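Take the sequence shown: its letters are residues 18 to 525, numbered as in my numbering.
Glycine included, every Cβ here is placed at the ideal spot set by N, Cα and C.
Owing to the predicted nature of the structure, the values given are computational and were not obtained by experimental measurement.
Notes follow once the structure below has been shown.
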Amino acid sequence: MRRDNLSASPRATDTPDCSHNSDGPRKTAKHFLLSEESKEQGEELPFDIPEELLAQLEAASLEKTAPINPASPAMDQEHSSELTNRQLGKFRLESEISRGGMGIILKALDLELDRRVAVKLLRKVHKGKLHLHQQFTYEARITGRLQHPGIIPIYESGLSWDQRPYFAMKLVQGRTLSELLAERRSTQDDLPRLLKVFEQVCQTLSYTHSRGVIHLDIKPSNIMVGEFGEVHLMDWGLARASTELCDIPITGDLNSSSTILSATERLDSQTIQAEAHAGTIWGTPAYMSPEQARGQCTDVRSDVFGLGGILCEILTGHPPHCGRSLIDVCFRAAQGDLSLTYQKLSECEADGVLIRLARNCLAPEVDLRPAHAGIVAKELTMYLESMLQRAETDLKRFFDLSLDLFCIAGLDGYFRRVNSNFSRVLGYNEKSLLSRPFLDFVHPDDRVDTIGVMGQLLEGRPVVQFQNRYQTEFGSWRRFEWTAKSIPEEGVIFAVARDVTEQLRKAD
């Protein structure tokens, strides 16, 4: 299903528990954050959590559910129908695409250029909240200064009829990586394509890191895969310039309507902003680095952890942090205990190179991770290129060693590649075979049936034991028995033929 989207829509589903949550009574925040060994030895937390924040987390953990945001869509003061046909500058609003904790994203028409765009508008419930106005405007500014194919361009920004900030941007049509991952029946399904998507995300993030910008909310639902293969890293609402990360004013609390999203949202795609006097927690708990979860200063290596989280989900089907509720996931993220995640990576069927890369990115200690996304991108690109070279080597060996006639043909009716057995059996050199339509070599009486088989392959249906006659360079005819399979979207046919001329002659 195609989606016009700029962020994943909230979904009411269970907490991602990854099948390794323990049963038993609910633990306090402090108890949960400590490792089992530390609790047995009576140790304190191995990292500094502000007392006020710890108290709020503990209170929330005892409620057994995440606190519900009073600003959730169900309780918002503004229905999307109220916005339809309203005008923002040169843009006429049409329909809602999605909404999150801070903004509503709508499809709109650019009245000057006659093109569809996406408009993000601060939600009405946040009108008058100066710090949210500033954060919303900052998102437009920081996104607007990043010029890269993997980042959606900002066209214009301004204020609405009731003085709410908005900005217009390119409308992206596609699906989120989160949706693509959810469709898989196994972690091996579509793996090459997903790794190419991940590679493009790494390249985009490498660019932003080179510009001193950190995303801070890297997750599958913030990655949009377009209809024509384009990949965009979305939602820069938490992004910061690296020089600003330790100087952000601290306001609000865990239960503030401006700092936590609805508890009905799926927790592996949910963004939480829980703030206290001595530190700030922001990001998505299921993919959050330990330093983010503890409210400590972050740098580009926090984004590297997020990349590791995405690669982990591609390889294992699970994000790095799981729990029974949002609070549980936050606790696990802050604790930085990834032993079960490492175990799942070790047990998955992926290549060791990918497993090591995921583990390195997910290192709880900041200094043990790759220094920036460019290093991750380089390692992944080297892996993908080596796999391509290996596949080419294997294919060449397969072509050269087999006694059968192997070929790759196009749905346009030409051979693209043939092995040496074609020349051995038919006598033509490779150039002659590739430069003429293969129907030129087929016996006139067999051409109609051959065209019919081509139609079958064009529809994506395989061919088994189809026979036709090919003319040799010397004018005689050889009968081939074909097995073929096509990839219609790529216009390619893979086929193998066996020369059965002598076999049929003996049978007669």
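Query raised in the report: How long is the line joining the alpha carbons of E506 and A310, rounded to whole angstroms?
Result: Here the question's residue 506 lines up with position 489 in the sequence shown. Here the question's residue 310 lines up with position 293 in the sequence shown. Whole-angstrom Cα-Cα distance: 44 Å.
Requested in this report: Would you kindly report the start and end of the unbroken alpha helix (DSSP H) that includes P209?
Outcome: Counting from one through the sequence shown, the residue named residue 209 turns up at place 192. Its alpha helix (DSSP H) spans residues 208 to 227.
Query - Burial state of I372, where buried means 16 or more other Cβ atoms lie within 10 Å - result: By one-based count along the sequence shown, residue 372 stands at place 355. The Cβ neighbour count for I372, taken over all protein chains shown within 10 Å, is at least 16; the residue is labelled buried.
Requested in this report: Report the rounded CA-to-CA distance for R109 versus V134, giving the unit in angstroms.
Outcome: Numbered from its first residue, the sequence shown carries residue 109 at position 92. Numbered from its first residue, the sequence shown carries residue 134 at position 117. Going by the C-alpha atoms only, they are around 10 Å apart.
Query raised in the report: Between which two residues does the beta strand (DSSP E) harbouring E113 extend?
Result: Walking along the sequence shown from the start, residue 113 turns up at place 96. Here the beta strand (DSSP E) through E113 covers 108 to 116.
Query raised in the report: Given V470, which residues of its chain have a CB within under 6 Å of its CB, disregarding the five upstream and five downstream residues?
Result: Mapped onto the sequence shown, residue 470 falls at position 453. Same-chain partners within the cutoff: V480, F483.
Query raised in the report: At what residues does the beta strand (DSSP E) containing K502 begin and finish?
Result: On the sequence shown, position 485 is the one that residue 502 refers to. The continuous beta strand (DSSP E) containing K502 extends over residues 494 to 504.
Query raised in the report: How is V480 classed by DSSP in three states: helix, strand or coil?
Result: Your numbering for residue 480 matches position 463 in the sequence shown. V480: strand per DSSP, three-state reduction.
Query raised in the report: Quick one: is M241 buried, meaning 16 or more other Cβ sit within 10 Å of its Cβ, or exposed?
Result: Translated into the one-based positions of the sequence shown, residue 241 becomes position 224. Buried, since its Cβ has 16 or more Cβ neighbours within 10 Å.
**Report entry** Residue span of the beta strand (DSSP E) that contains E308, given as start and end
**Finding:** As a working note, residue 308 is residue 291 in the sequence shown. Where E308 is concerned, there is no enclosing beta strand (DSSP E), although the alpha helix (DSSP H) it sits in stretches over 307 to 310.
Query raised in the report: Across which residues does DSSP place Y431 in a beta bridge pair?
Result: The sequence position of residue 431 within the sequence shown is 414, counting from 1. Looking at the DSSP assignment, Y431 forms a beta bridge with P454.
Query raised in the report: Per DSSP, what kind of secondary structure is V321 in: helix, strand or coil?
Result: Walking along the sequence shown from the start, residue 321 turns up at place 304. Note: V321 maps to helix in three-state DSSP.
Requested in this report: Assign F491 to buried or exposed, taking buried as 16 or more other Cβ atoms, counted over all protein chains shown, within 10 Å of its Cβ.
Outcome: Here the question's residue 491 lines up with position 474 in the sequence shown. Per the 10 Å Cβ criterion, exposed.
Requested in this report: With distances taken Cα to Cα, identify the nearest neighbour of S195 among D354, P336, D345.
Outcome: Start at 1 with the first residue of the sequence shown, and residue 195 comes out as number 178. A check of alpha carbon separations from S195 across D354, P336, D345 identifies P336 as the nearest.
Report task. Measure the C-alpha to C-alpha separation of D354 and L139 and round it to an integer number of angstroms. Result -> Numbered from 1 along the sequence shown, position 337 holds the residue referred to as residue 354. Numbered from 1 along the sequence shown, position 122 holds the residue referred to as residue 139. Each residue's Cα considered, the two are about 37 Å apart.
Query - Cut-off 8 Å between Cβ atoms - residues of its own chain near Q217, not counting five sequence neighbours on either side - result: For the purposes of this step, residue 217 is taken as the residue at position 200 of the sequence shown. Within the same chain, Q217 has close Cβ partners G167, V248.
Query raised in the report: Looking at C-alpha atoms only, which residue of E330, Y487, R116 is the closest neighbour of T518?
Result: As a position in the sequence shown, residue 518 is number 501, starting the count at 1. If we check each option's Cα against that of T518, Y487 comes out closest.
**Report entry** Nonlocal neighbours in the same chain, by C-beta distance under 8 Å from L211, ignoring five residues either side
**Finding:** For the purposes of this step, residue 211 is taken as the residue at position 194 of the sequence shown. Counting only residues of its own chain and dropping the five nearest sequence neighbours on each side, L211 has a CB closer than 8 Å to the CB of L194, L197, L198, I331.
Query - Beta-carbon separation (whole angstroms), V317 vs I231, contact threshold 8 Å - result: As a working note, residue 317 is residue 300 in the sequence shown. As a working note, residue 231 is residue 214 in the sequence shown. Right, their Cβ atoms sit about 6 Å apart.
**Report entry** Cβ separation of R376 and L357, assumed to be a contact under 8 Å, to the nearest whole Å
**Finding:** Within the sequence shown, numbered from 1, the residue matching residue 376 stands at position 359. Within the sequence shown, numbered from 1, the residue matching residue 357 stands at position 340. In fact, because the Cβ distance is near 13 Å, the residues do not count as touching under 8 Å.
Requested in this report: Starting from the N-terminal side, write out each stretch of the beta strand (DSSP E) that is 3 residues or longer and does not extend beyond the stretch 137 to 202.
Outcome: 171 to 176, 182 to 187, 190 to 193
Query raised in the report: Between I455 and F423, which are expected to be in contact by the criterion C-beta below 8 Å, what is the C-beta distance as a whole number of angstroms?
Result: Along the sequence shown, read from residue 1 onward, the residue named residue 455 stands at position 438. Along the sequence shown, read from residue 1 onward, the residue named residue 423 stands at position 406. Reading the sequence as shown, one finds Phe at residue 455 and not Ile. Not confirmed; about 14 Å, so no contact.
**Report entry** Closest by C-alpha distance to E111, when choosing among I122, G117, G118
**Finding:** Sequence index remark: in the sequence shown, residue 111 carries index 94 (1-based). Selected option, being the one with the closest Cα: I122.
Report task. Give the straight-line distance between the Cα atoms of T489 and K413, rounded to the nearest whole angstrom. Result -> Within the sequence shown, the letter at position 472 stands for residue 489. Within the sequence shown, the letter at position 396 stands for residue 413. Cα to Cα, T489 sits roughly 24 Å from K413.
Query raised in the report: Where does G353 fall in DSSP's three states?
Result: Working through the sequence shown from its first residue, we reach residue 353 at position 336. Of the three classes helix, strand and coil, the one that applies to G353 here is coil, per DSSP.
Query - Sub-9 Å separation of K137 and Y183 beta-carbons - result: Here the question's residue 137 lines up with position 120 in the sequence shown. Here the question's residue 183 lines up with position 166 in the sequence shown. Yes. Within cutoff.
Query raised in the report: What residue does the alpha helix (DSSP H) around I235 start on, and which one ends it?
Result: The count along the sequence shown starts at 1 and reaches residue 235 at position 218. Run containing I235: none; DSSP gives neither H nor E here.
Report task. Could you tell me the boundaries of the alpha helix (DSSP H) in which G369 lies? Result -> Stepping through the sequence shown from its first residue, residue 369 is reached at position 352. Start and end: 369 to 378.
Query - CA nearest to the CA of A408, picked from R201, A351, C339, P209 - result: Mapped onto the sequence shown, residue 408 falls at position 391. Of the listed residues, the one whose Cα sits closest to A408 is P209.
Query - Same chain, Cβ closer than 8 Å to E402, five either side skipped, listed in chain order - result: In the sequence shown, counting from the first residue as 1, residue 402 sits at position 385. Answer for E402: no residue qualifies.
Query raised in the report: In terms of alpha-carbon separation, which member of L420, S452, R441, M119 lies closest to R434?
Result: Here residue 434 corresponds to residue number 417 of the sequence shown, with the count starting at 1. The candidate whose alpha carbon is nearest that of R434 is S452.
Query raised in the report: Which of helix, strand or coil does DSSP assign to N485?
Result: As a first step, residue 485 is located in the sequence shown; it is residue number 468 there, counting from the start. Look at N485 here: in three-state DSSP terms it is strand.
Query - Cβ neighbour criterion (16 or more within 10 Å) applied to I114 - result: Start at 1 with the first residue of the sequence shown, and residue 114 comes out as number 97. Answer is buried; the Cβ neighbour count reaches 16.
Requested in this report: Give a yes or no on whether the C-beta atoms belonging to N485 and D466 are separated by under 9 Å.
Outcome: To locate residue 485, count along the sequence shown from 1; it is residue 468. To locate residue 466, count along the sequence shown from 1; it is residue 449. Yes, the Cβ-Cβ distance between N485 and D466 is below 9 Å.
Query raised in the report: Between the beta-carbon of A258 and the beta-carbon of E156, is there less than 9 Å?
Result: Translated into the one-based positions of the sequence shown, residue 258 becomes position 241. Translated into the one-based positions of the sequence shown, residue 156 becomes position 139. No, the Cβ-Cβ distance between A258 and E156 is not below 9 Å.
Report task. Quickly, what does DSSP pair H249 with across the bridge? List them, please. Result -> Residue 249 sits at position 232 when you count from the first residue of the sequence shown. Answer by DSSP bridge pairing, in chain order: M241.
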